[in-house]
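Residue numbers (our numbering): 2 to 612.
Cβ atoms here follow ideal geometry from the backbone N, Cα and C, with glycine treated the same way.
All remarks here apply to the structure that follows.
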């Protein structure tokens with residue numbers, strides 16, 4: 002035999018032994034084949050073979066579900082067989098969790114089992130009667146199982162393309178993979194992973210009819226209108242508005258547990274798992290929950306965590322990281338990072354955040370009312386968090402990103418004309434019991450202090466001029482019209498006139514955002530014409546009519562309860578608000594009195610609190 006014959010492979014004859022097949026349908030390459038130059042593909046499997054390989058797991062389902070054989074076959078085994086027919090031996094991911102042959106099938110089974118097991122510790126529809134709960138509980142358990150089984154079904158439609166040996170593509174919307182392979186008489190299939198595929202969980206609904214029969218859907222929908230919507234919301238990752246769903250929480254928690262366990266178990270085989278490849282959706286869910294429910298996450302409000310401007314959406318960091326972690330810890334999710342830096346790294350790798358300029362860990366923003374720049378992370382699109390919010394958010398007109406500004410240096414070329422002294426801060430006027438009246442305390446004149454520069458330090462005094470009236474250093478060139486013009490003297494303010502006042506709301510962060518905005522609008526009218534003001538000062542505080550809350554589409558009882566919870570009203574007793582009557586524009590109106598301590602520009606000393 003020549004030397005070339007050693008490197009040439011002969012075709013396999015009819016009598017030659019077939020290649021060894023490993024469990025799971027993968028054909029092992031021959032020892033003499035070396036490294037194959039083409040994708041060997043995945044050997045197709047039948048439904049019976051897949052079910053037999055998970056016989057022990059099905060027995061655990063039987064113990065957990067607790068029913069007779071006929072019900073177990075209808076509710077559990079039949080959907081699992083249809084799921085096995087649809088996914089066959091597809092992996093769940095290309096190189097991350099459950100990436101081996103049959104990974105998607107095993108992932109669906111494990112999530113379904115742990116989600117179903119979690120229903121034993123919860124009472125669903127707790128406010129319903131015992132008779133109604135008795136009818137709904139089996140449906141809730143079955144829906145939780147189906148939601149867990151199909152939780153990652155969208156990957157078949159969005160993350161991979163499957164072909165047979167001839168290159169024909171599997172029509173995933175029309176037929177299960179196993180049925181298609183049998184029709185094509187194909188013994189192997191090949192997977193091409195789509196690069197940078199979007200996580201479109203809603204696509205799983207198009208494959209759901211291949212798993213859940215119409216009869217099963219009708220059974221879940223009988224005598225109720227909540228089970229099927231909650232199951233579909235769990236599959237799509239879009240929870241129903243203003244509803245707390247135990248089903249969604251159970252499936253989310255089970256998926257996080259199963260994926261985290263698989264990554265930990267496979268780390269020694271595949272090296273370091275891809276950071277955060279499965280938890281960015283949980284981080285986004287937590288942020289959406291905070292924007293919808295947490296007062297400190299109400300966009301563009303005082304001391305908010307979220308700011309929307311012309312440059313995009315920013316989240317104050319790392320202040321927001323602790324609140325995100327608290328939400329995820331309350332959900333008992335596994336594998337959630339602790340460090341704020343790790344969360345930023347995960348979201349940046351997932352394409353959610355825009356990286357800051359080189360050399361900076363975060364973006365520097367200057368929100369309204371802030372005296373110093375603060376650090377924040379920047380989202381790729383505001384719609385990631387704000388889509389579906391009940392109250393639309395308007396972007397701020399002013400820029401948020403803090404520009405690097407260099408302070409003017411004190412050089413020898415500066416003159417008295419181009420060194421502008423900052424005027425002294427004006428002393429705010431004290432409040433009076435009646436709007437428009439002048440408090441006697443405001444008439445006391447205060448001595449003028451030395452000018453200060455923008456850094457807050459006292460500016461050094463100017464050197465005295467010489468006999469000719471020129472400074473003792475050489476002046477810098479200046480326009481002829483301004484170089485020799487002495488600064489205009491500041492006119493002395495009459496002692497009987499109080500400086501202009503600005504009234505603003507100082508509400509606790511716990512106040513409901515809608516009530517805060519309505520109250521803030523009412524207080525703002527005090528800065529304009531007194532005849533058109535909605536809120537007016539009275540002897541004990543600021544009177545706000547109840548009709549103002551109705552005009553903002555806020556239920557009066559909700560507004561009163563929110564104000565009482567943060568102790569902003571005068572006259573509350575045993576957490577019950579007291580309303581008052583006051584004449585506004587010649588008409589008696591019912592309203593509440595806000596304590597003066599919550600109104601910026603008022604002095605509580607000028608008011609008395611009724612006993």
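Thinking just about the alpha-carbon of each residue, which of the options is nearest to the one in residue i?
| i | options | result |
| --- | --- | --- |
| residue 198 | 548, 358, 600 and 352 | 352 |
| residue 142 | 538, 317, 580 and 229 | 229 |
| residue 377 | 396, 309 and 384 | 309 |
| residue 107 | 64, 52, 95 and 96 | 52 |
| residue 255 | 318, 205, 148 and 290 | 148 |
| residue 314 | 323, 402, 291 and 61 | 402 |
| residue 65 | 111, 569, 316 and 596 | 111 |
| residue 178 | 350, 42 and 86 | 86 |
| residue 217 | 72, 287, 121 and 95 | 72 |
| residue 280 | 92, 98, 196 and 62 | 98 |
| residue 354 | 291, 293 and 284 | 284 |
| residue 215 | 522, 76 and 579 | 76 |
| residue 194 | 93, 581 and 165 | 93 |
| residue 155 | 386, 84 and 332 | 84 |
| residue 341 | 319, 605 and 361 | 319 |
| residue 361 | 371, 375 and 348 | 375 |
| residue 312 | 367, 47, 120 and 151 | 367 |
| residue 247 | 208, 332 and 169 | 332 |
| residue 221 | 289, 208, 140 and 518 | 140 |
| residue 542 | 580, 400, 136 and 260 | 580 |
| residue 257 | 330, 289 and 208 | 330 |
| residue 328 | 121, 346, 290 and 70 | 290 |
| residue 533 | 540, 539 and 525 | 525 |
| residue 380 | 519, 347 and 225 | 347 |
With a threshold of 7 Å on Cβ separation, who are the neighbours of residue i within its own chain once the five nearest residues in sequence on each side are excluded?
| i | result |
| --- | --- |
| residue 512 | 296, 563 and 567 |
| residue 503 | 528 and 602 |
| residue 238 | 202 and 282 |
| residue 167 | none |
| residue 510 | 296, 297 and 304 |
| residue 184 | none |
| residue 493 | In this prediction, residue 493 scores a pLDDT of 46, lower than 50, which makes its location untrustworthy; the coordinate-derived value is nonetheless stated afterwards. Result list for residue 493: empty, nothing under 7 Å. |
| residue 548 | 590 |
Looking at the secondary structure, which residues open and close the alpha helix (DSSP H) in which residue i lies?
| i | result |
| --- | --- |
| residue 583 | Careful: residue 583 lies outside any alpha helix (DSSP H), inside the beta strand (DSSP E) at 581-585. |
| residue 341 | 341-350 |
| residue 519 | 514-525 |
| residue 365 | From DSSP, residue 365 is part of no alpha helix (DSSP H) but of the beta strand (DSSP E) over 364-366. |
| residue 205 | 205-208 |
| residue 230 | 228-237 |
| residue 192 | Element bounds for residue 192: not the alpha helix (DSSP H) but the beta strand (DSSP E), 189-194. |
| residue 557 | 557-566 |
| residue 52 | 48-54 |
| residue 353 | From DSSP, residue 353 is part of no alpha helix (DSSP H); its letter is neither H nor E. |
| residue 320 | 320-331 |
| residue 180 | 178-185 |
| residue 73 | 70-73 |
| residue 170 | Premise fails: residue 170 is in no alpha helix (DSSP H) and is neither H nor E. |
| residue 371 | Segment: none, residue 371 is in no alpha helix (DSSP H) and carries neither H nor E. |
Go through its chain and collect everything with a Cβ distance to residue i's Cβ below 6 Å, but skip five positions before and after it.
| i | result |
| --- | --- |
| residue 338 | 344 |
| residue 116 | 145, 149, 251, 252 and 255 |
| residue 161 | 192 and 194 |
| residue 365 | 374 and 403 |
Are the CB atoms of residue i and residue j nearer to each other than 8 Å?
| i | j | result |
| --- | --- | --- |
| residue 180 | residue 171 | no |
| residue 363 | residue 369 | no |
| residue 109 | residue 55 | no |
| residue 571 | residue 594 | yes |
| residue 158 | residue 90 | no |
| residue 552 | residue 536 | no |
| residue 79 | residue 187 | no |
Go to residue i, then tell me how far its beta strand (DSSP E) extends in each direction, as first and last residue.
| i | result |
| --- | --- |
| residue 109 | Element bounds for residue 109: not the beta strand (DSSP E) but the alpha helix (DSSP H), 104-119. |
| residue 161 | 161-164 |
| residue 538 | 537-539 |
| residue 377 | 375-380 |
| residue 588 | 588-595 |
| residue 291 | Taken as a continuous stretch (DSSP letters only), residue 291 belongs to no beta strand (DSSP E), being part of the alpha helix (DSSP H) at 281-294. |
| residue 547 | Careful: residue 547 lies outside any beta strand (DSSP E), inside the alpha helix (DSSP H) at 547-552. |
| residue 308 | 307-310 |
| residue 315 | 313-317 |
Considering only residues of the same chain and omitting the five flanking positions on each side of residue i, which have a CB-CB separation below 8 Å?
| i | result |
| --- | --- |
| residue 514 | 296, 299, 302 and 392 |
| residue 598 | 507 and 605 |
| residue 208 | 87, 151, 154, 155, 157, 158, 173 and 174 |
Just confirm the distance between the C-beta atoms of residue i and residue j, as a whole number of angstroms; I'd bet it's less than 8 Å.
| i | j | result |
| --- | --- | --- |
| residue 326 | residue 317 | Not confirmed; about 15 Å, so no contact. |
| residue 546 | residue 585 | 6 Å |
| residue 175 | residue 206 | 15 Å between Cβ atoms; not a contact. |
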